[in-house]
Amino acid sequence: MRTTVRLLAVVAAAALVLTGCGGRATTHHKPGTSHQEATGDSGTLLTARDESGHRLRELPAADAPTVSAEIRPDSEGGWNVHLTVERFQFTPESTGGAALPGRGHARLLVDGRETTRLYGPWGYVPPGAHTLTVRLHADDHTVWAVADAPVQATVRLDATPATPSTGSSAPSSSTPSASAPSSPRPTDPGRTVTLTITGTTVEPPPSRIELKKGERLTLRVTTDRADTLHVHGYDRELPLSPGVPATLTLTADRTGLFEVETHESGLVLTQLVVR
5 MRTTVRLLAV VAAAALVLTG CGGRATTHHK PGTSHQEATG DSGTLLTARD ESGHRLRELP
65 AADAPTVSAE IRPDSEGGWN VHLTVERFQF TPESTGGAAL PGRGHARLLV DGRETTRLYG
125 PWGYVPPGAH TLTVRLHADD HTVWAVADAP VQATVRLDAT PATPSTGSSA PSSSTPSASA
185 PSSPRPTDPG RTVTLTITGT TVEPPPSRIE LKKGERLTLR VTTDRADTLH VHGYDRELPL
245 SPGVPATLTL TADRTGLFEV ETHESGLVLT QLVVR
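My numbering numbers the first residue of the sequence shown as 5 and each following residue consecutively.
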């Protein structure tokens with residue numbers, strides 16, 4: 005009888021080892037993800053918060069990421085923003101997960117107000133006189149910080165961006181007339197895609213839209229709730245009101261794969277494949 009009891013005890017102990025650390029199963033994170041990756045808690049979580057209420061997560065300067073921002077006038081108005089980061093990579097696939105050094109996303113603040121997230125090095129800011137701040141966040145939405153200050157870059161934008169010089173010797177005018185635009189307008193209206201959101205259902209179902217570089221695309225979206233449409237990579241946003249069709253037109257001038265989603269409901273509406 006005692007031999008049987010001992011055997012049962014050995015089997016039970018082996019089962020605890022197989023279920024993971026402390027006897028708890030590790031099914032709370034995705035297959036192929038380590039326990040440390042799923043529960044990582046790097047740096048020192050401070051009580052201080054940024055303007056949007058996100059807590060600061062401090063790292064030593066030698067381990068912390070860095071960011072700088074370059075702005076370029078957009079041919080259709082506003083500014084294109086290009087980020088250069090060090091000791092950091094954009095990880096949209098793990099947003100909402102654990103805070104691990106060197107991973108996360110960026111957020112743009114215009115005149116001190118948070119406007120959008122960036123899951124890659126390119127962003128867009130509408131025209132106007134702005135102070136642009138780019139801030140780095142961890143996957144759990146806390147703010148990476150050094151010496152009690154957020155890791156960020158701030159750039160002053162001019163009120164009237166000019167079309168960037170192409171090195172041409174042709175004369176330019178500061179006030180071009182409507183009959184002689186400073187840059188050619190495409191005559192092809194491009195493609196129009198109509199999307200309808202009802203609850204968590206998207207019609208037509210999410211798929212991929214194949215585009216050629218330079219092609220124009222118009223997204224016409226109708227939803228049953230207030231939300232915001234966001235085109236990743238191009239960082240174009242569009243407010244959505246219940247029952248009111250909203251339209252966003254862009255020129256596919258960047259190649260790659262870009263998701264179109266809603267902010268509040270977190271629905272992926274479609275993907276743009278630009279070649």
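Virtual Cβ for every residue (Gly too), placed ideally from N, Cα, C. The structure presented is a predicted model; accordingly, all values stated were derived computationally and were not measured.
Given residue i as reference, the closest of the options once Cα atoms are compared
| i | options | result |
| --- | --- | --- |
| T48 | V150, L221, E90 and I201 | V150 |
| I75 | L60, A102 and T135 | T135 |
| R111 | A102, L104 and L122 | L122 |
| P154 | L113, Y128 and G100 | L113 |
| T204 | E265, L221 and G194 | E265 |
| R240 | P246, D228, A230 and L221 | L221 |
| T253 | S56, V71, Q275 and E80 | E80 |
| P209 | G82, K216 and I201 | I201 |
| A256 | D231, E268, L215 and H267 | L215 |
| D67 | S46, V138 and A73 | S46 |
| A230 | A250, I213, S211 and R212 | A250 |
| E62 | T146, P131, T99 and T119 | T146 |
| A65 | G194, R91, L161 and L87 | R91 |
| L261 | I213, H267 and L161 | I213 |
| Q275 | Q156, E268, L223 and Y128 | L223 |
| S98 | A142, T137, R59 and E118 | A142 |
| D78 | T120, W126 and G57 | W126 |
| E118 | S211, P96 and Q156 | Q156 |
Proximity below 8 Å, CB of residue i to CB of residue j
| i | j | result |
| --- | --- | --- |
| G108 | W148 | yes |
| P69 | V89 | yes |
| T259 | V235 | no |
| L244 | V225 | yes |
| G237 | G124 | yes |
| L140 | V71 | yes |
| A52 | D144 | no |
| V159 | A103 | no |
| V129 | G100 | no |
| T232 | L242 | yes |
Three-state secondary structure (DSSP) of residue i
| i | result |
| --- | --- |
| E219 | coil |
| T98 | One point to set straight first is that residue 98 is Ser, not Thr, in the sequence displayed. Here S98 sits in helix by DSSP. |
| T226 | strand |
| D257 | coil |
| S72 | strand |
| T151 | One point to set straight first is that residue 151 is Ala, not Thr, in the sequence displayed. Note: A151 maps to coil in three-state DSSP. |
| P175 | Annotation note: pLDDT 33 at P175 (below 50); position unreliable, coordinate value reported separately. In this structure, P175 counts as coil in the three-state DSSP scheme. |
| L113 | strand |
| F262 | strand |
| A103 | strand |
| P168 | At P168 the pLDDT is 35, less than 50, meaning the model places this residue with poor confidence; the figure from the coordinates comes in the next sentence. Three-state DSSP puts P168 in coil, outside helix and strand. |
| T196 | strand |
| L122 | strand |
| L161 | coil |
| L49 | strand |
| L63 | coil |
| A182 | At A182, the pLDDT of 35 sits below 50, so the modelled position is not reliable; the number obtained from the coordinates is stated separately. Coil at A182, not helix or strand. |
| E80 | coil |
| E207 | strand |
| S38 | Bear in mind that the predicted position of S38 carries a pLDDT of just 44, short of 50, making it too unreliable to give a figure here. |
| G270 | coil |
Residues that residue i bridges to, as DSSP identifies them
| i | result |
| --- | --- |
| R212 | Q275 |
| H234 | E241 and E265 |
| E90 | T70 |
| H141 | H109 and V147 |
| L252 | L223 |
| G127 | V85 |
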